[in-house]
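Asks: If you want this note's numbering, it's the 1-based position in the sequence shown plus 318.
Every residue gets a Cβ at the ideal spot worked out from N, C-alpha and C, and that includes glycine.
No experiment lies behind these values; they were computed from the predicted model shown.
Structure in structure tokens, see below.
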Amino acid sequence: MNSIQQTEAFVRRSLEGAEGGHDWWHIYRVWRTAKTIATQEKVDLEVVELAALLHDIADSKFHNGDEEIGPRIAGEFLESIELDRSKIFHVQQIIRYMSYKASLGDVQFTSKELDVVQDADRLDAIGAIGIARAFSYGGFKQREFYNPSIPPRLGMSKEEYKSSTAPTINHFYEKLLLLKDKMNTVTGKELAQQRHQFIEQYLQQFYAEWEGRA
Ligand code: ADP
Ligand code: NI
Numbered sequence: 319m320n321s322i323q324q325t326e327a328f329v330r331r332s333l334e335g336a337e338g339g340h341d342w343w344h345i346y347r348v349w350r351t352a353k354t355i356a357t358q359e360k361v362d363l364e365v366v367e368l369a370a371l372l373h374d375i376a377d378s379k380f381h382n383g384d385e386e387i388g389p390r391i392a393g394e395f396l397e398s399i400e401l402d403r404s405k406i407f408h409v410q411q412i413i414r415y416m417s418y419k420a421s422l423g424d425v426q427f428t429s430k431e432l433d434v435v436q437d438a439d440r441l442d443a444i445g446a447i448g449i450a451r452a453f454s455y456g457g458f459k460q461r462e463f464y465n466p467s468i469p470p471r472l473g474m475s476k477e478e479y480k481s482s483t484a485p486t487i488n489h490f491y492e493k494l495l496l497l498k499d500k501m502n503t504v505t506g507k508e509l510a511q512q513r514h515q516f517i518e519q520y521l522q523q524f525y526a527e528w529e530g531r532a
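Structure follows, in structure tokens:
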């Protein structure tokens, strides 16, 4: 088995029983989308694929906020399959710097491979899949779908964003609809544009149904 196949098997095994937004199928979609975007970019495809596969191997949210746990587990695995040191470090840096939360702080690492995987991960938060993930997350957190008296809040700090308990629809304005302007690559921007329009249409229908107008 090559490094990609070994990593796929490891990630599938590790994510058994993971919650819906970050289960194996999220990884699968990000991996596929990253490959699609990578066809138009000059990148190390092995690093792109490995980082896509390993980017959510351990979420700090479920480990007392430990933001080094993901890079550590990914690094240990990649050492066990004897990947080049420089590639291991690159994959770890991508995992460290890729989350939306990290991008709210000071960014200290950039690479074309990071751009590709980050775009693929952001794309999974918009479009039809993004809507499914948002309501799944909202259900997990027992949030209301929508509450007309609680307006969305823009420009939240990292801490406010983490501790928000607002209705799920607010998340569309606080994060999802902002993603299309954060895309790094040309292909990422095109895909985001389509998925963004789909969400806007969805919201119109949502409010119309909410008030019994459709
Ligand atoms: P990442 O995709 O970087 O791991 P998160 O862990 O923040 O990001 O989010 C995972 C999924 O859950 C995303 O699709 C995101 O839109 C959704 N999500 C995160 N926070 C909320 C929220 N407050 N309300 C609804 N959905 C959310
Ligand atoms: Ni992800």
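1) Could you check whether Ile444 and Leu497 sit closer than 7 Å to each other, using their CB atoms as the reference points?
2) Flag this pair as yes or no: are the beta carbons of Asp437 and Asn502 separated by less than 7 Å?
3) Rounded to the nearest angstrom, how far is the Cβ of Arg451 from that of Pro485, given a contact under 8 Å?
4) Please report the straight-line C-alpha distance between Gly514 and Leu401, rounded to a whole angstrom.
5) Go ahead and label Thr505 buried or exposed: buried means 16 or more other beta carbons lie within 10 angstroms of its beta carbon, across all protein chains shown.
6) Is Lys263 helix, strand or coil when you go by DSSP?
7) Taking the straight line between their C-alpha atoms, what separation do you get for Gly297 and Gln358?
8) Identify whether Arg461 lies in helix, strand or coil by the three-state DSSP scheme.
9) Apart from the five residues on each side of it in sequence, which residues of its chain come closer than 7 Å, Cβ to Cβ, to Arg330?
10) If you compare alpha carbons, which of His344, Ile322, Asp374 and Val366 is closest to Lys353?
11) Between His381 and the ligand ADP, is there a pair consisting of the residue's CB and a ligand heavy atom that are separated by less than 6 Å?
12) Use the C-beta contact count for Lys379: other C-beta atoms within 10 angstroms, 16 or more gives buried, fewer gives exposed.
13) Is any heavy atom in the ligand NI found nearer than 6 Å to the beta carbon of Asp439?
14) Within this structure, are the beta carbons of Ser454 and Gly339 separated by less than 7 Å?
15) Just curious, the alpha helix (DSSP H) that Pro469 is in, first and last residue?
16) Distance, Cα to Cα, Glu508 vs Thr351?
17) At the level of alpha carbons, what is the spacing between Met474 and Met319?
18) Restricting to Cα atoms, I'd like to know which of Leu432, Asn488, Leu333 and Gln519 is closest to Gly456.
19) With a CB to CB cut of under 8 Å and the five nearest residues on each side skipped, what residues in its chain are close to Leu363?
20) With distances taken between CB atoms, is the gap from Val409 to Leu371 smaller than 7 Å?
21) What are the start and end residues of each continuous alpha helix (DSSP H) run of 4 or more residues lying completely inside the segment 358 to 444, in chain order?
Replies: From the atom records:
1) Working through the sequence shown from its first residue, we reach residue 497 at position 179. Working through the sequence shown from its first residue, we reach residue 444 at position 126. The answer is yes: Cβ separation under 7 Å.
2) Counted from its first residue, the sequence shown places residue 437 at position 119. Counted from its first residue, the sequence shown places residue 502 at position 184. Result yes, Cβ atoms of Asp437 and Asn502 sit closer than 7 Å.
3) Locating residue 451 in the sequence shown gives position 133, where the first residue counts as 1. Locating residue 485 in the sequence shown gives position 167, where the first residue counts as 1. That pair is no contact at about 16 Å.
4) What you label residue 514 is simply residue 196 of the sequence shown in a count that begins at 1. What you label residue 401 is simply residue 83 of the sequence shown in a count that begins at 1. Per the sequence presented here, residue 514 reads as His, with Gly not at that position. Taking the straight line joining both Cα atoms gives about 37 Å.
5) Counted from its first residue, the sequence shown places residue 505 at position 187. Classification for Thr505: buried.
6) No statement about residue 263 is possible, as the shown extent of the chain runs from 319 to 532 and does not include it.
7) This structure leaves residue 297 out entirely; the chain is present only between 319 and 532.
8) Translated into the one-based positions of the sequence shown, residue 461 becomes position 143. Of the three classes helix, strand and coil, the one that applies to Arg461 here is coil, per DSSP.
9) By 1-based counting over the sequence shown, the position of residue 330 is 12. So the qualifying residues of the chain are Trp342.
10) For the purposes of this step, residue 353 is taken as residue 35 along the sequence shown, with counting starting at 1. Nearest of His344, Ile322, Asp374 and Val366 to Lys353, Cα basis: Val366.
11) Walking along the sequence shown from the start, residue 381 turns up at place 63. No, since every heavy atom of the ligand ADP falls outside the 6 Å radius drawn around the Cβ of His381.
12) Residue mapping note: residue 379 aligns to position 61 of the sequence shown, counting from 1. Lys379 is exposed by the Cβ-count criterion.
13) As a working note, residue 439 is residue 121 in the sequence shown. For the ligand NI, at least one heavy atom lies less than 6 Å from the Cβ of Asp439.
14) Taking the sequence shown and counting its residues from 1, the one referred to as residue 454 is at position 136. Taking the sequence shown and counting its residues from 1, the one referred to as residue 339 is at position 21. Going by C-beta atoms, Ser454 is nearer than 7 Å to Gly339.
15) Taking the sequence shown and counting its residues from 1, the one referred to as residue 469 is at position 151. Premise fails: Pro469 is in no alpha helix (DSSP H) and is neither H nor E.
16) In the sequence shown, the residue the question calls residue 508 occupies position 190. In the sequence shown, the residue the question calls residue 351 occupies position 33. Glu508 and Thr351: Cα-Cα distance of roughly 12 Å.
17) For the purposes of this step, residue 474 is taken as residue 156 along the sequence shown, with counting starting at 1. For the purposes of this step, residue 319 is taken as residue 1 along the sequence shown, with counting starting at 1. If you take the alpha carbons of Met474 and Met319, they lie about 45 Å apart.
18) Reading the sequence shown from its first residue, position 138 is the one you call residue 456. The shortest Cα separation from Gly456 among Leu432, Asn488, Leu333 and Gln519 belongs to Asn488.
19) Taking the first residue of the sequence shown as 1, we reach residue 363 at position 45. Contacts found: Lys353 and Ala356.
20) Locating residue 409 in the sequence shown gives position 91, where the first residue counts as 1. Locating residue 371 in the sequence shown gives position 53, where the first residue counts as 1. No, these two residues do not count as a Cβ contact at 7 Å.
21) 363 to 372, 387 to 398, 403 to 415, 418 to 422 and 430 to 441
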